[in-house]
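Residue numbers (my numbering): 959 to 1694.
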């Protein structure tokens, strides 16, 4: 039993902080949930309820949230449910045996579903009934068991019975309609997405690399995995003509990318534009626009640093041991985001460090604090079933099959991707139309295509124009940087190196032949590639679970066998050993998990999958204690039957995903990097910096050769949904 006694203080700021802390604890709590139920304000208060349909005592879910809806869980509506009010102020309410609760107004680490970033809890009720008073307090708590986030509440999260929450609840960004007072929020609002790009600086020279990190903002993060996985990044000039266009993958709501400014580009004002195809169905204000400048080699940027005010948040702290360093000295930066109780909270950042003499700040630079949030837009009442721009989760290849004189005809299209085990076959429509969707192609992908009629007559394909969409791009204010001519700017031009030399060309004439894996024991379960392809699944994990008893995904982990606890054991200890062509795939949070890796594999890639349970995999060593999944992929010669040799195929090029370069940061602790003069404008760039619940992030880089000032800019998103930004200036002096 807990007794609360109010503390007293004469400090107004302290009192306001206490009030804020209590409100923060209340929001999303079990008490908040039950009060919203008795007041019939569940959706308005930010809760989504689902009935748990599973009969097992364990909570078992597929990693993708939407895969479970309609099966393991179904929407649960309490708005019209009758309440027994025999006693005034008390509500006797019937509940399902287990109810899943999502609170949408806070952020949390993905724990159960890999694409759900808000708190998830469960309420288990014995004897079906709970008695709740008007304050949301359960009067028969022994009939109830809380699991998940609500089940983790301890004394520090308790509130006295007479606590009264503030009337103003947490506000969530949401679109508005002209008659919002009488019209509910448009369901399309739950499918809105918006990108934001943080670049290393705001102006560049021809041939320089633009480094960027992208953050996707979703109105409903629960749908993140089902929305766009493809983003287009364009460089457009002041006439809005596209100078350069790239495609990048969106992975777990993040984009990492880079592109080179064309070497022949003219100096002037430009705009970086970023958008997904799905966004084109909605208001153009969702499209990201960032003004930049391109300077000629004889130009330098001039701007007054003093007096310019930049967006920042107090929650994000940039910590250094000192503010003055020597040239080529190691500089260590620590980063951390504080919560309302001054504890660290998990967050993702990108950090850029630039020389302010070579990359002077501009007063109208874009900021995550102003550009990340959803704009207030008017949505259409509905989208037609044949929507113009569909959600894109991979590269699309569309076109027509034609015969001589470009006469459309029905046929069979076979596509083989160069240097991979991917093969695609499709029968066109009667008018010759065809579409390969969600392909994983990179750079300028080379494809071999064979097009024949149903009777075997050769034809050809005409590809659609691809990503040349007609965009409505709003006008944007040019970057406010004064540009002046410089008689000798080469000292500060990082694109020129006096000791550079052209390497001799190396040509590889043949590919190394790799033998297929041979089994070391008899597999308990053998799943052939033909079986996987016959299921028409878009990844191998779903049909594999149907063939392997006990194989399941729990909390983003791949498990095989009996139930497991929710302890703090090593993830590698509970998951089976997964081999792809004999190479072990280890879970790595910085990149992708085992579940994500298997979910991304197409049945078209697979020759066979061998599953060894427990002791059957003893030949693989102690790492196989929880089982082995050995995957053998198909090789290109598996696809080429005698009647369709590759020599008969036509070759086409398709624009695929662009791969980001790795930023080079010299290490002056070793002798290898000491010879070259270092006049870089971007000193350090890191698109992926992460912090945990108990620690700060730490990054180290080396100063360059010029005495100057460095500007450190950090932007990111905390796990609780807050956008954070901070800047700091440090001084670099000449080394004696």
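The C-beta atom is built at its ideal place from N, Cα and C for all residues, glycine as well.
Do the CB positions of residue 1582 and residue 1535 come within less than 7 Å of each other? Residue 1582 sits at position 624 when you count from the first residue of the chain shown. Residue 1535 sits at position 577 when you count from the first residue of the chain shown. Result yes, Cβ atoms of residue 1582 and residue 1535 sit closer than 7 Å.
Between 1360, 1318, 1194, which lies nearest to residue 1420 when the distance is taken from Cα to Cα? Counting from 1 along the chain shown, the entry for residue 1420 is found at position 462. Here the closest residue by C-alpha is 1360.
Would you check if the distance between the CB atom of residue 1225 and the CB atom of residue 1254 is smaller than 7 Å? Position 267 of the chain shown, counted from the start, is the residue given in the question as residue 1225. Position 296 of the chain shown, counted from the start, is the residue given in the question as residue 1254. Going by C-beta atoms, residue 1225 is nearer than 7 Å to residue 1254.
Sequence-distant residues of the same chain with beta carbon closer than 7 Å to residue 1184, five excluded per side: Within the chain shown, the letter at position 226 stands for residue 1184. Excluding positions up to five away in sequence, the list reads 1024.
Note down, in chain order, each residue of its chain lying with its Cβ closer than 7 Å to the Cβ of residue 1417, except the 5 sequence neighbours on either side. On the chain shown, residue 1417 is found 459 positions in, with the first residue counted as 1. Correct list, in chain order: 1359, 1360, 1361, 1367, 1369, 1409, 1410, 1411.
Among the candidates 1202, 1173, 1272, whose CA atom is the shortest distance from the CA of residue 1210? Walking along the chain shown from the start, residue 1210 turns up at place 252. Checking every option, the nearest Cα to that of residue 1210 belongs to 1173.
In or out: residue 998 buried (at least 16 other Cβ within 10 Å) or exposed? For this step, residue 998 is matched to residue 40 along the chain shown. That one is exposed.
Chain-order list of residues whose beta-carbon lies under 6 Å from that of residue 1249 (same chain, five-residue window excluded): Taking the chain shown and counting its residues from 1, the one referred to as residue 1249 is at position 291. Excluding sequence neighbours, residue 1249 sits near 1229, 1434, 1436, 1437.
Could you check what DSSP says for residue 1326 in three-state terms: helix, strand or coil? For the purposes of this step, residue 1326 is taken as the residue at position 368 of the chain shown. The answer is helix: DSSP assigns residue 1326 an H, G or I state.
My assumption, with CB atoms under 8 Å, is that residue 1682 sits in contact with residue 1274. Please give the rounded CB distance. For the purposes of this step, residue 1682 is taken as residue 724 along the chain shown, with counting starting at 1. For the purposes of this step, residue 1274 is taken as residue 316 along the chain shown, with counting starting at 1. Confirmed, about 4 Å.
What is the rounded straight-line gap between the Cα of residue 1472 and the Cα of residue 1247? Counting from 1 along the chain shown, the entry for residue 1472 is found at position 514. Counting from 1 along the chain shown, the entry for residue 1247 is found at position 289. Because the pLDDT of residue 1472 is 48, which lies under 50, any placement of that residue in the model is unreliable, and the number read from its coordinates should be weighed accordingly. Each residue's alpha carbon lies about 47 Å from the other.
Check this for me: beta carbons of residue 1665 and residue 1692, under 7 Å apart or not? On the chain shown, position 707 is the one that residue 1665 refers to. On the chain shown, position 734 is the one that residue 1692 refers to. Yes, these two residues count as a Cβ contact at 7 Å.
Tell me the start and end of each unbroken alpha helix (DSSP H) in the region 1045-1072 that is at least 4 residues and wholly inside, in chain order. none
Taking DSSP as the reference, what is the three-state secondary structure of residue 1286? By one-based count along the chain shown, residue 1286 stands at place 328. The answer is coil: DSSP assigns residue 1286 none of H, G, I, E or B.
Is it true that the CB of residue 1414 sits closer than 7 Å to the CB of residue 1518? To locate residue 1518, count along the chain shown from 1; it is residue 560. To locate residue 1414, count along the chain shown from 1; it is residue 456. Going by C-beta atoms, residue 1518 is not nearer than 7 Å to residue 1414.
Where does residue 1336 fall in DSSP's three states? Within the chain shown, residue 1336 is the residue found at index 378, counting from 1. Residue 1336: coil per DSSP, three-state reduction.
Rounded C-beta distance between residue 1381 and residue 1607? I'm assuming under 8 Å. Position 423 of the chain shown holds residue 1381. Position 649 of the chain shown holds residue 1607. Contact flag wrong, Cβ pair sits at about 11 Å.
Check each candidate in 1168, 1432, 1223 and name the one with the smallest Cα separation from residue 1242. Along the chain shown, one-based indexing puts residue 1242 at 284. Nearest of 1168, 1432, 1223 to residue 1242, Cα basis: 1432.
State the DSSP-derived secondary structure class of residue 962, mapped to helix, strand or coil. Reading the chain shown from its first residue, position 4 is the one you call residue 962. It is coil, neither helix nor strand.
For residue 1340 and residue 1008, I'd like the C-alpha separation in whole angstroms. Start at 1 with the first residue of the chain shown, and residue 1340 comes out as number 382. Start at 1 with the first residue of the chain shown, and residue 1008 comes out as number 50. The alpha-carbon atoms of residue 1340 and residue 1008 are separated by roughly 25 Å.
Can you give the Cα-Cα distance for residue 972 and residue 982, rounded to whole angstroms? In the chain shown, counting from the first residue as 1, residue 972 sits at position 14. In the chain shown, counting from the first residue as 1, residue 982 sits at position 24. Straight-line Cα distance between these residues: approximately 15 Å.
Could you pull out every residue in the same chain whose Cβ sits closer than 6 Å to the Cβ of residue 1082, ignoring the five residues on either side in sequence? Within the chain shown, residue 1082 is the residue found at index 124, counting from 1. So the list reads 1056, 1103, once near-sequence residues are dropped.
Kindly indicate which residue of 1392, 1571, 1073, 1040 has the alpha-carbon position closest to the one of residue 1533. Mapped onto the chain shown, residue 1533 falls at position 575. Of the listed residues, the one whose Cα sits closest to residue 1533 is 1571.
Would you tell me roughly how many angstroms separate the C-alpha atoms of residue 1677 and residue 1323, rounded to the nearest one? As a working note, residue 1677 is residue 719 in the chain shown. As a working note, residue 1323 is residue 365 in the chain shown. The alpha-carbon atoms of residue 1677 and residue 1323 are separated by roughly 25 Å.
Would a C-beta distance cut-off of 7 Å place residue 1168 and residue 1240 closer than the cut-off? Stepping through the chain shown from its first residue, residue 1168 is reached at position 210. Stepping through the chain shown from its first residue, residue 1240 is reached at position 282. Going by C-beta atoms, residue 1168 is not nearer than 7 Å to residue 1240.
Please return the same chain residues whose Cβ sits closer than 8 Å to the Cβ of residue 1124, not counting the five positions on each side in sequence. As a first step, residue 1124 must be located in the chain shown, where it is residue number 166. Around residue 1124: 977, 981.
Could you tell me the boundaries of the beta strand (DSSP E) in which residue 1376 lies? If you number the chain shown from 1, residue 1376 lands on position 418. Here residue 1376 belongs to no beta strand (DSSP E), and DSSP marks it neither H nor E.
Spatial neighbours of residue 1617 in its chain, beta-carbon cut-off 8 Å, leaving aside the 5 residues before and after: As a position in the chain shown, residue 1617 is number 659, starting the count at 1. These residues qualify, in order along the chain: 1400, 1401.
Using 7 Å as the threshold, is the C-beta distance between residue 1031 and residue 1058 below it? Locating residue 1031 in the chain shown gives position 73, where the first residue counts as 1. Locating residue 1058 in the chain shown gives position 100, where the first residue counts as 1. Contact flag set, yes.
Rounded to whole angstroms, how far is the Cβ of residue 1638 from the Cβ of residue 1661, which I believe are closer than 8 Å? Here residue 1638 is taken as the residue at index 680 of the chain shown, counted from 1. Here residue 1661 is taken as the residue at index 703 of the chain shown, counted from 1. Going by Cβ atoms, the distance from residue 1638 to residue 1661 rounds to 10 Å, so no, they are not a contact pair.
Once DSSP output is grouped into helix, strand and coil, what is the label at residue 1364? Here residue 1364 corresponds to residue number 406 of the chain shown, with the count starting at 1. The answer is helix: DSSP assigns residue 1364 an H, G or I state.
Return helix, strand or coil for residue 990, following the three-state DSSP convention. Start at 1 with the first residue of the chain shown, and residue 990 comes out as number 32. Helix.
Touching or not, the region 1553-1564 and the region 1479-1490, by the rule of three or more beta carbon pairs under 8 Å? yes
Nearest neighbour of residue 925, chosen from 1311, 1154, 963, 1512 [CA to CA]: Only positions 959 to 1694 of the chain appear in this structure, which leaves residue 925 out of reach.
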